[in-house]
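Here the structure comes first, spelled out in structure tokens, and everything after it is commentary.
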Amino acid sequence: MSPWRVGGSRPRGRRRLVLGISLATVLALAAWFLIPTFFEAKPQAAPATFVNTGFSLVIVQDHRGDAFDPISYYAASVLAEMTLEEKIRSLLMLHYPGTDTASLHAFIASHNVGGFILMGNNIPESLADLSTLTAALSVDPQLPALVAIDEEGGYVTRLPYDGFAGANTLRNENPPASLAAFSGRAELLKSVGINVNFGVDADVTGDPQSFIFDRTFGNTPDQAALRVAAAVEGEKSLVASTLKHFPGHGSTTGDSHVSIPATAMSFDQWQSTDAVPFAAGIAAGAAMVMFGHLAFTAVDAAPASLSLAWHTILREQLGFEGIAITDDMTMLQGSGLPEYGDPVENAVSALAAGNDMLLYVLAADPSIDGIDPEAIVTGLVGAVKSGRIAEGQVEASALRVLTLRRSFAPEALMWTVPCPAPCRGLVEALPAK
Numbered sequence: 001m002s003p004w005r006v007g008g009s010r011p012r013g014r015r016r017l018v019l020g021i022s023l024a025t026v027l028a029l030a031a032w033f034l035i036p037t038f039f040e041a042k043p044q045a046a047p048a049t050f051v052n053t054g055f056s057l058v059i060v061q062d063h064r065g066d067a068f069d070p071i072s073y074y075a076a077s078v079l080a081e082m083t084l085e086e087k088i089r090s091l092l093m094l095h096y097p098g099t100d101t102a103s104l105h106a107f108i109a110s111h112n113v114g115g116f117i118l119m120g121n122n123i124p125e126s127l128a129d130l131s132t133l134t135a136a137l138s139v140d141p142q143l144p145a146l147v148a149i150d151e152e153g154g155y156v157t158r159l160p161y162d163g164f165a166g167a168n169t170l171r172n173e174n175p176p177a178s179l180a181a182f183s184g185r186a187e188l189l190k191s192v193g194i195n196v197n198f199g200v201d202a203d204v205t206g207d208p209q210s211f212i213f214d215r216t217f218g219n220t221p222d223q224a225a226l227r228v229a230a231a232v233e234g235e236k237s238l239v240a241s242t243l244k245h246f247p248g249h250g251s252t253t254g255d256s257h258v259s260i261p262a263t264a265m266s267f268d269q270w271q272s273t274d275a276v277p278f279a280a281g282i283a284a285g286a287a288m289v290m291f292g293h294l295a296f297t298a299v300d301a302a303p304a305s306l307s308l309a310w311h312t313i314l315r316e317q318l319g320f321e322g323i324a325i326t327d328d329m330t331m332l333q334g335s336g337l338p339e340y341g342d343p344v345e346n347a348v349s350a351l352a353a354g355n356d357m358l359l360y361v362l363a364a365d366p367s368i369d370g371i372d373p374e375a376i377v378t379g380l381v382g383a384v385k386s387g388r389i390a391e392g393q394v395e396a397s398a399l400r401v402l403t404l405r406r407s408f409a410p411e412a413l414m415w416t417v418p419c420p421a422p423c424r425g426l427v428e429a430l431p432a433k
């Protein structure tokens with residue numbers, strides 16, 4: 001599996017195997033004792049570099065793919081040891097305001113969640129201080145938290161030191177400009193410990209009066225698609241690139257921060273318009289797709305974030321295999337509609353619809369937005385036990401999240417295994433590291 005799009009394209013390049021023994025011998029040995037026993041079939045091991053540390057065998061995978069994948073194996077081994085509650089917690093991405101590293105570390109450690117979203121109130125004055133802050137958000141360096149930010153550039157910029165162009169400028173330039181801007185932006189984010197960017201707005205509209213207009217990459221589906229794909233390509237292998245706001249904010253009226261925007265557009269119309277930039281971004285390797293709190297009533301009266309139909313379309317028709325995440329769940333309550341007034345019920349509906357992660361931009365005081373993360377966890381666990389949410393779905397989502405998190409670990413491609421008697425001769429034949 002790819003760490004950038006689970007099941008997606010693989011990073012290029014191969015490490016050369018330099019050994020004083022035959023490659024065939026190495027691969028035969030690897031296939032014999034390295035493939036995890038929980039696989040029903042034992043595929044041939046992918047080429048790997050074997051290093052003698054003097055006491056164990058270290059395998060460095062040359063690509064993340066078809067047989068023994070240390071990232072996927074690590075994620076699966078962690079999942080196998082998790083309780084239901086721990087799996088549920090891993091599917092939450094939370095926010096807590098402020099720049100005090102001790103408070104932020106205590107917050108994420110106490111809730112044991114899979115991710116944290118940085119908002120403007122989390123951003124210190126210097127890059128060095130931001131690096132210190134993001135480091136405090138990962139409790140386990142072997143399984144880093146997903147540290148996300150809305151860094152679109154232009155009108156949505158959290159980092160004062162981001163001087164790269166946003167969509168409001170890039171929509172008027174050729175696609176290579178989008179690739180360059182988002183590559184530079186992703187380098188900046190990676191350098192300060194941010195590994196997820198909610199920065200690629202795949203919405204499309206030609207209406208300058210639309211509140212989303214200046215955040216989109218073009219007036220037409222094809223114009224937007226070219227620049228969306230270029231932006232994703234620019235971020236690839238640097239941060240997890242995210243497309244938003246599926247299935248498309250451009251064809252709706254209203255702002256989803258304060259309402260549930262809706263459109264009566266037919267599904268066929270959607271396929272030839274709003275779907276086009278999302279399809280292009282997915283083909284380019286986007287790791288995540290953010291669902292909007294907006295309704296295409298010809299498909300489902302419910303907001304897409306709570307719609308099984310729209311999640312099925314994303315998976316089965318657009319072929320997306322990465323992580324589906326909601327937009328900020330507090331926005332549902334912010335709509336003022338009574339049917340979305342219960343945050344626990346909203347969470348259950350969102351997970352049941354097919355989201356892998358639920359996003360919450362919380363205030364320091366839970367009474368402000370009326371959301372207690374622990375109540376959300378309790379409600380979701382109860383929904384799984386009652387059958388409203390399938391436990392298999394929770395496991396599949398947790399595995400996607402764990403796999404992406406593991407891909408950001410410093411030694412993600414390293415896998416150390418015990419060396420039983422049949423491999424000792426191999427280890428002894430290698431020079432000690």
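Number 375 in UniProt numbering belongs to position 375 of the sequence shown; there are no gaps in the numbering. Where is the CB? At the ideal position from N, CA and C, for every residue including glycine. Since the structure is predicted, the reported quantities are computational estimates derived from the model, not experimental observations.
Remark: three or more beta-carbon pairs, one from each stretch, lie closer than 8 angstroms, so the region 209-229 and the region 262-282 are flagged as touching. The Cβ atoms of R89 and Y155 lie no closer than 7 angstroms to each other. Secondary structure note for M357: it is in no alpha helix (DSSP H), with a DSSP letter that is neither H nor E.
In the structure shown, the three-state DSSP call for L130 is helix. The shortest CA-to-CA distance from V196 to any of T169, L404, W310 is the one to L404. Contact between L243 and G193 fails: their C-beta atoms lie close to 23 angstroms from each other, not under 8 angstroms. Residue range 196-201 is occupied by the beta strand (DSSP E) that includes D201. Under DSSP, T378 forms no beta bridge with any residue. Cβ contact annotation for K190 (same chain, cutoff 7 angstroms, sequence separation greater than five): L238, V239, in chain order. Annotation note: the region 162-229 contains the following uninterrupted beta strand (DSSP E) runs of length 3 or greater, listed N- to C-terminal: 196-201. A229 sits close to A284, with the two beta carbons spaced by under 7 angstroms. Given a length threshold of 4 residues, each whole run of the alpha helix (DSSP H) inside the region 277-365 is given here in chain order: 308-312, 330-334, 343-353. Only exposed fits D365, as fewer than 16 other CB atoms lie within 10 angstroms of its CB.
Excluding residues up to 5 positions away in sequence, F213 lie with their Cβ nearer than 7 angstroms to the Cβ of D207 in the same chain. As the crow flies, the alpha-carbon of S407 is around 13 angstroms from that of A76. Under the three-state reduction of DSSP, A240 is assigned to strand.
Distances from the alpha-carbon of R400 to those of D201, M357, P410 put M357 closest.
Between the region 120-138 and the region 98-107 there are three or more C-beta pairs closer than 8 angstroms, enough to call the two in contact. With contacts defined as CB atoms closer than 7 angstroms, M331 and N346 fail to qualify as a contacting pair.
Residue pairing for H95: DSSP places it in a beta bridge opposite V361. In the DSSP secondary-structure assignment, G115 is bridged to M93, L146. DSSP places R388 outside any alpha helix (DSSP H), giving it a letter other than H or E.
At a Cβ-Cβ threshold of 7 angstroms, A167 and F217 count as neighbours.
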